């Protein structure tokens with residue numbers, strides 16, 4: 027837990043702690059470590075020796091699954107959205123260095139990734155594989171993410187995290203059982219759809235829904251992996267001041283949004299906020315290469 031010191035926080039009488047999940051592991055970082063934990067245990071218990079999962083060319087989940095496979099003795103297969111581009115980008119290069127086999131499929135076919143017929147086809151093609159969904163989100167992932175909350179050794183009023191597939195947010199909501207206020211910051215444009223996704227995951231996990239959480243959908247900067255100069259400037263200044271690196275897809279947007287809400291007086295004076303740093307910093311090298319942006 028890292029406490030931030032900032033003149034804005036003093037002005038608004040708000041205390042802000044960062045839960046540094048990015049420091050959990052050098053390669054299986056943040057929420058990916060949480061999501062994979064019980065899935066790997068289950069795969070081992072059921073006698074699987076191969077993990078198969080899905081992701082885009084810069085996916086944190088692909089990189090983390092490849093690293094986890096190497097570390098815990100699983101073969102790994104990555105089904106990658108889109109065409110192969112050589113040389114491989116830093117994310118896919120790292121994945122192959124961990125022994126992951128990459129298989130590319132068209133974007134049209136990739137949309138079938140949750141369809142039973144397509145999953146059966148993959149099982150026929152690759153044999154006995156343990157299937158991990160895109161982003162790693164399933165009920166075992168939600169279980170792992172409930173432990174984020176259990177690791178916070180202080181009193182607080184709000185907890186915030188970035189949201190992609192909604193698994194991390196669902197784990198936090200399920201774990202708190204209606205206590206505190208939970209804010210999720212979707213990285214996708216039109217992130218309102220996550221309301222239903224998260225609700226369904228929370229109910230499937232614990233059999234109950236809660237009303238102490240909401241989505242803050244105003245800070246996607248144009249959509250998934252889209253950036254603007256003010257986001258990059260904020261991230262640079264944040265790193266300089268607090269010595270915490272961010273990435274522009276998830277955590278950069280979440281912290282930008284959080285500071286903007288604090289500036290606007292969203293939080294009651296005297297409030298204590300915990301912001302979860304969900305990792306994903308491996309993508310920064312690829313961002314620099316792709317867009318010429320130093321992050």
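Residue numbers (our numbering): 27 to 321. Each residue gets a CB set at the ideal place from its N, CA and C atoms; glycine is no exception. Quick caveat: nothing in here was measured; it's all calculated off a predicted structure.
Q: Check whether the Cβ atoms of residue 59 and residue 49 sit closer than 7 Å, and answer yes or no.
A: In this structure, residue 59 sits away from residue 49, with a CB-CB distance that is not shorter than 7 Å.
Q: Pull up the DSSP beta-bridge partners for residue 28, would you.
A: Residue 28 is bridged to 44.
Q: Look at residue 287 and residue 301 and say whether their C-beta atoms are less than 7 Å apart.
A: Not in contact: residue 287 and residue 301 (Cβ atoms no closer than 7 Å).
Q. In its own chain, which residues sit with a C-beta less than 8 Å from the C-beta of residue 206, not counting the 5 before and 5 after it?
A. Excluding the 5 residues flanking it on each side, residue 206 has same chain C-beta neighbours closer than 8 Å at 182, 183, 184, 185 and 238, in chain order.
**Q.** Spatial neighbours of residue 305 in its chain, beta-carbon cut-off 6 Å, leaving aside the 5 residues before and after
**A.** Within the same chain, residue 305 has close Cβ partners 47, 48, 55 and 56.
**Q.** 7 Å Cβ cutoff met for residue 276 and residue 188
**A.** Yes. Within cutoff.
**Q.** residue 216 beta carbon less than 7 Å from that of residue 61
**A.** For the pair residue 61 and residue 216, the CB atoms are not nearer than the 7 Å cut-off.
Q.
Quick check on this structure: which residue in 135, 114 and 95 has the alpha carbon closest to the alpha carbon of residue 105?
A. For the options 135, 114 and 95, the alpha carbon positioned closest to that of residue 105 is the one of 135.
(Q) Alpha carbons only, please: which of 84, 191, 202 and 120 is nearest the one belonging to residue 174? (A) Closest in alpha carbon position to residue 174, among 84, 191, 202 and 120, is 202.
Q: Leaving out five residues on either side along the sequence, give the residues of the same chain with a beta carbon under 6 Å from the beta carbon of residue 280.
A: In the same chain as residue 280, and ignoring 5 residues on each side of it, the C-beta atoms closer than 6 Å to its own belong to 188 and 211, in chain order.
Q) Can you tell me whether residue 282 is buried or exposed, with buried defined as 16 or more other CB within 10 angstroms of its CB? A) Buried.
Q) In the structure shown, what three-state DSSP assignment does residue 171 receive? A) DSSP places residue 171 within a helical segment (H, G or I) once states are collapsed to three.
Q. The beta strand (DSSP E) with residue 164 in it runs from where to where?
A. In this chain, residue 164 is not harboured by any beta strand (DSSP E), its DSSP state being neither H nor E.
Q) Roughly how many angstroms lie between the CA atoms of residue 229 and residue 143, to the nearest whole one? A) Rounded to whole angstroms, the gap between the alpha carbons of residue 229 and residue 143 is 26 Å.
Q) Does the separation of the CB atoms of residue 39 and residue 289 fall below 7 Å? A) Taking 7 Å as the Cβ cut-off, residue 39 and residue 289 do not qualify as a contacting pair.
Q. Which one of 214, 297 and 123 has the shortest CA to CA distance from residue 41?
A. Considering only alpha carbons, the answer is 297.
Q. Using a Cβ-Cβ cut-off of 7 Å (strictly less than) and excluding sequence neighbours within five positions of residue 84, which residues of its own chain qualify?
A. Within the same chain, residue 84 has close Cβ partners 115, 117, 309 and 312.
Q: Whole angstroms is fine: what's the gap from residue 246's alpha carbon to residue 31's?
A: Their Cα atoms are separated by approximately 26 Å.
Q. Do you know whose CA, among 113, 70, 73 and 121, lies nearest residue 88's CA?
A. With respect to the C-alpha of residue 88, the residue from 113, 70, 73 and 121 having the closest C-alpha is 121.
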